[in-house]
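Read the structure below first, then the notes.
Residue numbers (this note's numbering): 8 to 169.
Printed below as a string of structure tokens:
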């Protein structure tokens with residue numbers, strides 16, 4: 008069954024706890040094995056072992072994974088915006104006025120503040136229920152989407168103008 012569904016390049020997850028489930032667990036993109044009911048071979052063939060044998064744990068794992076992905080995407084957009092603005096500021100300053108407008112200590116200070124704010128962005132959560140109603144991202148969605156890249160470019164030019 009997993010091989011037929013996997014031809015469409017959708018992400019396939021399989022749950023198993025018996026020896027006859029090993030082939031499906033290996034064929035799936037993500038294989039879940041039951042922790043207390045599953046045998047040792049099934050656990051070895053799986054990617055994730057559900058320790059409490061509760062299906063709701065899988066739903067929580069999917070929600071958590073979506074939150075982590077969205078947090079990393081937001082943080083990457085934030086960091087890239089600041090770094091591109093800094094690089095362009097230094098490059099334009101060096102080309103036009105033949106002097107670097109930012110000193111090493113200033114760049115270090117900017118990156119220190121960025122690291123602090125980026126950690127706050129990683130810690131913030133999106134509502135888990137919102138993630139369950141969204142369409143899955145699939146294999147082809149990049150971490151930095153086109154709209155995120157447009158936002159980055161717009162913010163970089165705004166920061167350079169200000």
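Ideal placement from N, C-alpha and C gives every residue a C-beta, glycine not left out.
{"query": "Short Cβ contact (9 Å threshold) for residue 143 with residue 18", "result": "yes"}
{"query": "9 Å Cβ cutoff met for residue 65 and residue 40", "result": "no"}
{"query": "Backbone CA spacing between residue 99 and residue 110 [nearest angstrom]", "result": "14 Å"}
{"query": "For residue 69, the first and last residue of its enclosing beta strand (DSSP E)", "result": "Unbroken run through residue 69 is the alpha helix (DSSP H), 62-103; no beta strand (DSSP E)."}
{"query": "Assigned secondary structure, residue 40 (DSSP; H/G/I helix, E/B strand, else coil)", "result": "strand"}
{"query": "Host beta strand (DSSP E) of residue 22 (start-end)", "result": "20-23"}
{"query": "Cα-Cα separation, residue 93 to residue 159", "result": "13 Å"}
{"query": "Which listed residue (48, 59, 152 and 70) has its alpha carbon closest to that of residue 139", "result": "70"}
{"query": "Boundaries of the alpha helix (DSSP H) in which residue 117 is found, first to last residue", "result": "111-130"}
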